[in-house]
Amino acid sequence: MTDANGQHGSEIEAIGALLRNGYGISGEITALPGEHDLNYCVEAADGTRFLLKLHAPGDADDLGMQISVLDHLARTAPDLPISRALPDRSGATAIALELRGRRTARLLTWLAGDVWSKSRARDRQSIVTLGRLLGEMDRSLEGFSHPGARRTYAWDIGRADMHLQSLVFIGDAEKQETVRSILDRFVSEVLPRLKQCPRQVIHNDANDYNVLLDAAGAVSGLLDFGDMVETWRVIEIAVAGAYALIGTDDPVDVIARLAGAYNAVNPISETETELIFDLTCTRYAVSMCMAAKQIRDNPENTYLLVSQDDVWRELQRLQRENRSLAIARIRDACGFEPIAHSARVERWLERNAHDFARILRPSLATPQVLALDLTANGPDAELWARLDAAGAERLIDERVAQAGAAFAIGLYGEDRSVYKGDAFETPTVGQRRTIHLGIDIFLPAHEPVHAPFAGVVAFIHDDAVDFGFGPTVLLEHRTQEGDAFWTLYGHLSRESVAKLIVGQAIAKGEAFSTLGAASENRSWSPHLHFQIVTDHLGLGGGMHGVGVREQWQIWRAISPDPSVVFGFSTPASVTVARDKEFLVRERHRRIGRSLSIAYSATPLKIVGGEGAYLIDEEGTRWLDMVNNVCHVGHCHPRVVKAAQTQIGKLNTNSRYLHDSLVEYSRRLASLFPDPLNVCFFVNSGSEANDLAIRLARAYTRNHDIITVDHAYHGHLSSLIDVSPYKFAGKGGEGRPQHVRVAEMPDLYRGRFRYGDAEAGRKYAEDVRNQLADLGAEGRRPALFFSEGILGTGGQLTLPDSYLKEAYGHVRAAGGLCLADEVQVGFGRVGSHMWAHELQDVVPDIVTMGKPIGNGHPMAAVVTTEAIAAAFANGMEYFNTFGGNPVSAEIGLAVLDVIRDERLMHHCRVVGDRLMDGVRALAPRYEIIGDVRGHGLFNGVELVRDRETLEPAAAELDFVIAEMKRKHRILLSSEGPHHNVLKVKPPAPFSVDDCDRFLIALEETLSRLPPR
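Here this note's numbering is used: the first residue of the sequence shown is 2, the next is one more, and so on.
Spelled out as structure tokens, the structure:
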């Protein structure tokens, strides 16, 4: 009796006995494919699966290595998704047995998933997870060594030179020559550099049948450690890349992603990075050599013939890639500059720009130029497309004359649709070169062209393809550091170029050529294409003048912005828009990672705003319900106009007299009762609160601060100290000695709750307790911090009389009281301009920020004359940007809009409608625990049980994600338990917006998954 895989029933019975007697396991046994070893899936009665391997007789060191490496990784990297060896009842992980000869049995944990080659979930993220897995594994293997790994192994591409003798077995002349060139490069260029790289034991066979993927496309397992070898570490990436790229649209992108992910967890050197592409090609070359030899020995092996068709196809694709460009892309993916010396060249250009000669019309010291819009989506795109060279030249001349300019220019970085024809295609299907890499100067034919700095003629080329450069010259230059770069001049006259020879020296300012006519420049209107080149990619005179948008960071390094050479008063370059994936990558590289990204799983690229809406790059409008910064609405026309008008006149510091500053201080102070009538202007709420602390300490001569639990008052060190939200949270250092924390007055889940008329007084008792503790130590408070509604506390409205009682305790102890209006001020609460007015108190200091400038960075402190006078102690206070004329005009415009559009009243009406609407949902959705707030500063607390008040944080995450995904509404969470839906939209948030939110919220709550 045999099973479907040819296994005799007696053998299955023997295996069953081995499992029962040796491991105490019984279950269904299914044979699996295997070339030398016998492999079985064992499924126990409880559904647990195991992999049973019966190793064929062979090299003891090889098997010992496989056993040892799993033991090593079990100790050093227990979380990696690799099989773990299971001991038998005696503790052994390898058992000798007789089955078709003498074999060694090993029982391993089962890894679930589909093999890479067959998974339908495979995507770009699969490549990333594979790279990270290999990087983490190799990092854990750095200290591993075993005699079995120190072998001469044909599949170690670090020894690829051994396969040169097998070239004769490759019968196809083209294939043989391709493989020969790869192996020759390996010997002459790769191997000498490879010897400088780290060596260690690597897996060496992350092929498309050894890698498992889960249903989401992430790597869930790595199989088969039988090809392990001690070699150069970077080979791990090349081997995996050779398989991961099979059948993909952009093989270099796959290699680069894999390398970048590996590097993120196991950093590699620049040298290693630059060898990956060649080593990947070498892997294919080795495979073809070995297959050719095996086919010679076994010509009936049709599988080898078929598999080698795939290898040859993929190798041909790699050979069509520009090698230098591929290396630059891999360098970029690993965090290195794409072109190592590009930044140095740019710095040289910046340092020496003052000494450059004019390229065209040197008699014009500062030419006025007209910038043309030649983009694919420009206002004249259709017009340019219809015109021939003569018509385009006439139109350009007309526009130059109308503008009173010396000449017109075409911009660096423009995305143009004019580049037609095959010459602009790339090896990646559907991808074209469209981004302009130079600056165009439109002038008549035969205009002399001068060298901006000394150089040597390096390349002369006649680019005779459709939409090409025509006659082209590249001059070579060198910086003081010895870095070579080139300047490219396209669309020259054939006659002038014919006079040049390669190697000819060209002096700075020398007229070495002239512009060509349309007839000799592929029908382009006469103009010069000028380009800086840091790496000509081996193309020489055929260097590209147009790059790929998706790879712009690479092309920008290859051909940096040449504006520095011209020094025009008109911008000669544009920013190339990039996709969200790239922007996230660059933020992580160039901006501190502690700066979070909203909706990080599916981030938004926002390019515009209007009223209560944000607009993404595709034109989708998102209802913004969390942005209280743009208080009077995104891009309010009056605020924008005020900024534009004033910045066109003057912006300077506040040491000079200016009407706007005085008027703004008068208007702002008028919104407060006496004695709050002195203003200080700063740039952020954090600066305002920091200044407030200084004011309080100068006036009281005390140092200590009282703050409310879970409060947040800013990001400066002085404010982290008074923000329990930060110092008591992740990464915090705990409460400083000079800070006391008062109990958070939470009427929903605190000690004193809704319905307790004395709750305010009772909570304020804890402020008194903190003061008493200070007093017992012989210390007195400088300042008590509180918001009128507690934002980070969970949008908590304060119980009646809380601030009045707390202020009384603080003042009696000699301290001052601050109202932090950074979040809640300027009419947002609906019934009052300031949230502290809800408590019927007059603070000693009020701080403002966020909404004060509607998105412009400005803030203010308002205090009394006495406190301000105490601060004038001889140390001058000065803030470079605080109170500048532009900020003052913006501040005035914001106040005007709040007044003229009755926004305070609007906040009250719409805010009440919103809260009433959510409360109306509560009987149907018990997850709604509390609805609170004033005006348009609201919180909806979600709980799993209204009795226990168990926070429903996960459910709130679902609500926020679904409101964004399905309804295009942006929301956020707040509170100590992250279970409060935070609502604080721009004040123009309308009744229709409110109703849209309520309908969407109900729909989303109805889909909450059961717990």
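We put the CB at the ideal spot given by N, CA and C, even for glycine. Bear in mind that the values here come from a model prediction, so they are computed numbers and not experimental data.
Under the DSSP assignment, ALA518 falls outside any alpha helix (DSSP H); it carries neither an H nor an E label. As for any beta strand (DSSP E) of minimum length 3 sitting wholly inside the segment 100-171, the runs are 103-110, ordered along the chain. For HIS968, the three-state secondary structure derived from DSSP is helix. CA-to-CA, the gap between GLN309 and PRO300 works out to about 13 Å. Distance from the Cα of GLU477 is smallest, within the candidate group PHE468, TRP487, GLY483, for TRP487. In the three-state scheme derived from DSSP, where H, G and I count as helix and E and B as strand, LEU529 is classed as strand. Spatial neighbours of LEU950 in its own chain (CB-CB distance under 8 Å, excluding positions within 5 residues in sequence) are listed in chain order as TYR749, ARG750, GLY930, VAL944. Here the alpha carbon of ARG903 sits roughly 15 Å from the alpha carbon of LEU672.
LEU223 is the residue among ILE928, PHE583, LEU223, GLY218 whose C-alpha sits nearest the C-alpha of VAL212. For TYR713, same chain residues with a beta-carbon under 6 Å away, outside a window of 5 residues either side, are SER724, TYR726, THR793 in chain order. Restricted to the segment 237-293, the alpha helix (DSSP H) segments that are unbroken, complete and at least 4 residues in length are 252-266, listed in chain order.
Excluding five sequence positions before and after TRP156, the CB atoms of its chain that fall closer than 8 Å to its own CB belong to ASN205, ASP206, ASP228, VAL230, VAL287, MET291, given in chain order.
For MET849, the three-state secondary structure derived from DSSP is strand.
Rounded to whole angstroms, the separation of the alpha carbons of THR708 and GLU744 is 9 Å. Excluding its 5 nearest sequence neighbours in each direction, ALA46 has C-beta neighbours in its own chain below 8 Å: SER27, GLY28, listed in chain order. In this model, GLY940 and PRO746 are separated by some 15 Å (Cα to Cα).
For VAL683, the enclosing beta strand (DSSP E) starts and ends at 677-683. Of LEU195, HIS968, GLU14, the smallest CA-CA separation from THR621 is found for HIS968.
In the pairwise beta carbon analysis, the segment 437-448 is classified as touching the segment 540-555: at least three pairs are separated by under 8 Å. Ranking GLY828, ASN703, ASN855 by CA distance to the CA of LEU937 puts GLY828 first. Per DSSP, HIS478 is not a residue of any alpha helix (DSSP H); the beta strand (DSSP E) it occupies stretches across 471-479.
Burial is judged here by how many other beta carbons sit within 10 angstroms of a residue's own beta carbon; ILE592 has fewer than 16 and is exposed. Classified as buried, GLY934 has 16 or more neighbouring CB atoms from the shown chains inside 10 Å of its CB. In this chain, HIS714 is not harboured by any alpha helix (DSSP H), its DSSP state being neither H nor E. DSSP places TRP835 outside both helix and strand once states are collapsed to three, so it counts as coil.
The beta carbon of VAL630 sits closer than 8 Å to the beta carbons of LYS851, PRO852, ASN855, GLY856 from its chain, once the five residues preceding and following it are set aside; these are given in chain order.
The secondary-structure analysis by DSSP pairs ILE507 across a beta bridge with GLY456.
Around the beta carbon of GLY159, 16 or more other beta carbons sit within 10 angstroms, so the residue counts as buried. 8 Å or more divides the Cβ of PHE531 from the Cβ of ILE721. In the displayed model, SER601 falls within coil according to three-state DSSP, outside both helix and strand. PHE879 counts as exposed, since fewer than 16 other C-beta atoms from the protein chains shown sit within 10 angstroms of its C-beta.
The segment 813-825 and the segment 777-791 touch, with three or more beta-carbon pairs separated by less than 8 Å. If you draw a 10 Å sphere on the C-beta of PRO989, you find 16 or more other C-beta atoms in it, and that means buried.
ALA32 is bridged by DSSP to TYR41. Take the alpha-carbon of HIS147 and the one of LEU192: they are about 24 Å apart.
Here GLY248 is not near SER127, since their CB atoms are 8 Å or more apart.
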